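Okay, structure first, notes after.
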Amino acid sequence: METLINGLHHVTTLAGDTQRNVDYYTDILGLRLVKKTVNFDAPDVYHLYYGNETGSPGTILTFFPYGGIPRGRKGVGQLTYTAFSAPISSLRFWMDRLHERNIPYAGPYKRFSETYIRFEDFDGMGIELVFTDDDQRSGWDNGRIPAEFAVRGFHTVTLNELNPDKTVKLLTEIMQHTLVGEEEGRFRFKAGNGGPGNYVDVLHSPKDVHALQGAGSVHHVAFSTDTDETQLIIQNQLAESGYHVTPVQDRNYFNSIYFREPGGILFEVATNPPGFAVDEPVAELGTALKLPPQYEPRRAKIEAELPEIIVK
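The letter at position 298 of the sequence shown is residue 298 when you use the UniProt record's numbering, and the numbering goes up by one with no holes.
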C-alpha cells in the first residue's frame, strides 16, 4: 500500500504578545525561528514558524500572535498537549532550566514506559518534553543549549475526545495509523514505523469541559505527506468518506488541505516540499519578513503595522 501519511508535519497555535512568544520558543525552549511571515488570511498578524535548523516536517511549531486576545481553555475537541522529544540524559538539564526561568512544571511522570514533564508557555499552551533515546534527529544548536540536550522535534500530540470511536476510525482507516498502545483511556497510534514525531494520542475525556479557543489554544494539527499527488489521493478519500475537505491551498512552503475530524479538531494534510529554504538560504532562515506574492505591493504598510521582533 502506498504511504500517504508519514507522521506529524506541524502544529499551529494562537498566541498573545509577539515578543514574549519569540522569547519563549527561541530562548527558553531553544527552537529556531525558521520563518517570519504573515497570516495569509489576515496579513496584519504574523505567522511565526519555529523548528530545527531547517524546519523539517515533524519539528515545526507555528503561531499566530494576536496581541491582547483572551486566553483559551483546554478541553474536549482540542489538541491539548504538544510533546517534544529530548534525550534521556537531558532530564535534569531541562528541569533545572525551567526552574531557573521560573517556568512551573509537573513531573517527571511515566507514560508508555517513557519519562516526561509537563508545563505551559506564557499563554497557557500545553507542552510536554518526553525523554527518549529513540529519536535520531539533531536538535538546533543555538549556542545557549548544548546540542546533546536540545529538543529534537515533536514526539506526540494529544487529542482530547468526548467520543473517540469515529476519530480512531479516521486515523486507522484513512490516515494509515496503527494502534500501538493503550493506557488509562489514552490510545496511542503511530504513522509508518512510529517513533518520535509519528505518534498521535487519543485521550478519552468524557468528564472534561469543552475547549474554548484563545491565546494558547491549538488552531490545527498538520500531518505530513510526500507529494502533491499523495495529497490529492488523501483529499479524494476524505471526500468519498463524507468529510468536508478544502481545495488545495498554496502556503508557499507547502500545500495544504483542511478538514475537521469527528471530534471537531481541525486537521491539515501538508506536503513536505518545497520547504522553508525556497525563498531564503538555510543560514538566513527567519531573518527577513517573507510575504506571499499577493501582499508584496502592501509590504511597506504591513511592515509598519507589525511589531518589531528581536531574537536574542
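Quick reminder that beta carbons are idealized off the backbone N, C-alpha and C, glycines included. Owing to the predicted nature of the structure, the values given are computational and were not obtained by experimental measurement.
Nearest candidate by alpha-carbon position, reference residue i, set the options
{"i": "D250", "options": "G126, Y24, F40 and H244", "result": "F40"}
{"i": "F63", "options": "A15, D96 and D27", "result": "A15"}
{"i": "L31", "options": "Y46, G67 and G286", "result": "G286"}
{"i": "Q235", "options": "Y258, D226 and F254", "result": "Y258"}
{"i": "T225", "options": "N255, Y105, D27 and L238", "result": "N255"}
{"i": "N272", "options": "P262, P297, Q231 and K312", "result": "Q231"}
{"i": "P70", "options": "Y25, F122, V34 and E53", "result": "F122"}
{"i": "H155", "options": "W94, R137, E120 and L171", "result": "R137"}
{"i": "S56", "options": "V34, H244, E100 and M95", "result": "V34"}
{"i": "E305", "options": "T26, L179 and Y46", "result": "Y46"}
{"i": "G195", "options": "A239, A86, Y24 and G107", "result": "A86"}
{"i": "D96", "options": "T82, F276, I145 and I60", "result": "I145"}
{"i": "T82", "options": "W94, I60, I103 and Q294", "result": "I60"}
{"i": "G242", "options": "P281, L170 and E280", "result": "L170"}
{"i": "F276", "options": "N52, R299, T3 and L4", "result": "N52"}
Alpha-carbon to alpha-carbon, residue j and residue i
{"i": "R207", "j": "Q78", "result": "The sequence as given places Lys at residue 207; Arg does not occur at that position. If I take the Cα positions, the gap works out to 14 Å."}
{"i": "G214", "j": "M125", "result": "10 Å"}
{"i": "L98", "j": "Y50", "result": "19 Å"}
{"i": "residue 381", "j": "A270", "result": "Past the edges of the chain, shown from 1 to 312, lies residue 381, and the structure says nothing about it."}
{"i": "G264", "j": "D135", "result": "31 Å"}
{"i": "L289", "j": "K36", "result": "5 Å"}
{"i": "P43", "j": "T54", "result": "24 Å"}
{"i": "D141", "j": "P274", "result": "24 Å"}
{"i": "L291", "j": "G153", "result": "26 Å"}
{"i": "residue 355", "j": "E284", "result": "One cannot answer for residue 355 here, as it falls past the ends of the chain, which runs 1 to 312."}
{"i": "F223", "j": "V22", "result": "24 Å"}
{"i": "Y24", "j": "E240", "result": "42 Å"}
{"i": "Y105", "j": "E120", "result": "8 Å"}
{"i": "Y253", "j": "V278", "result": "7 Å"}
{"i": "G185", "j": "V200", "result": "14 Å"}
{"i": "E183", "j": "Q176", "result": "21 Å"}
{"i": "F149", "j": "W94", "result": "8 Å"}
{"i": "L4", "j": "I233", "result": "8 Å"}
{"i": "R299", "j": "V282", "result": "23 Å"}
{"i": "G107", "j": "P297", "result": "50 Å"}
{"i": "L162", "j": "V248", "result": "30 Å"}
Own chain, CB closer than 7 Å to residue i, minus 5 neighbours either side, in chain order
{"i": "I88", "result": "F131, T132 and D133"}
{"i": "H244", "result": "F259"}
{"i": "R20", "result": "F122"}
{"i": "A147", "result": "G139 and D141"}
{"i": "L238", "result": "I174, V245 and F259"}
{"i": "Y295", "result": "V38, P43 and I302"}
{"i": "L266", "result": "H219, H220, Y258 and R260"}
Supposed close pair residue i, residue j - CB separation, criterion 8 Å
{"i": "H220", "j": "E268", "result": "5 Å"}
{"i": "A211", "j": "V76", "result": "6 Å"}
{"i": "L129", "j": "F84", "result": "6 Å"}
{"i": "L91", "j": "P65", "result": "Not really, about 30 Å apart at Cβ, beyond 8 Å."}
{"i": "I302", "j": "V38", "result": "7 Å"}
{"i": "T18", "j": "P307", "result": "5 Å"}
{"i": "V151", "j": "G143", "result": "Not confirmed; about 15 Å, so no contact."}
{"i": "R101", "j": "I28", "result": "5 Å"}
{"i": "F112", "j": "G67", "result": "About 38 Å; that fails the 8 Å criterion."}
{"i": "V209", "j": "P164", "result": "Their Cβ separation, rounded to whole angstroms, is 17 Å, which puts V209 and P164 out of contact at 8 Å."}
Same chain, Cβ closer than 8 Å to residue i, five either side skipped, listed in chain order
{"i": "Y109", "result": "T115, Y116, I117 and R118"}
{"i": "N198", "result": "N6, G7, L8, G58, K190, A191 and G192"}
{"i": "T172", "result": "T178, L179 and F189"}
{"i": "E2", "result": "T230 and I233"}
{"i": "P293", "result": "none"}
Which residues DSSP lists as bridging residue i, in chain order
{"i": "H204", "result": "E161"}
{"i": "H47", "result": "T37"}
{"i": "P65", "result": "A15"}
{"i": "H10", "result": "I60 and A222"}
{"i": "K110", "result": "T115"}
{"i": "L79", "result": "L159"}
{"i": "T178", "result": "K190"}
{"i": "D250", "result": "N255"}
{"i": "V269", "result": "F223 and I257"}
{"i": "E173", "result": "DSSP, once it has assigned bridges, lists no residue as partnering E173."}
Residues near residue i in its chain [Cβ-Cβ closer than 6 Å; skip 5 each side]
{"i": "T80", "result": "K74, G126, T158 and N160"}
{"i": "S217", "result": "L14 and G72"}
{"i": "T26", "result": "L33 and V311"}
{"i": "T178", "result": "K190"}
{"i": "I103", "result": "F119"}
Min CB distance residue i to chain C below 8 Å
{"i": "S85", "result": "Reference to chain C is not applicable here, since this structure consists of a single protein chain."}
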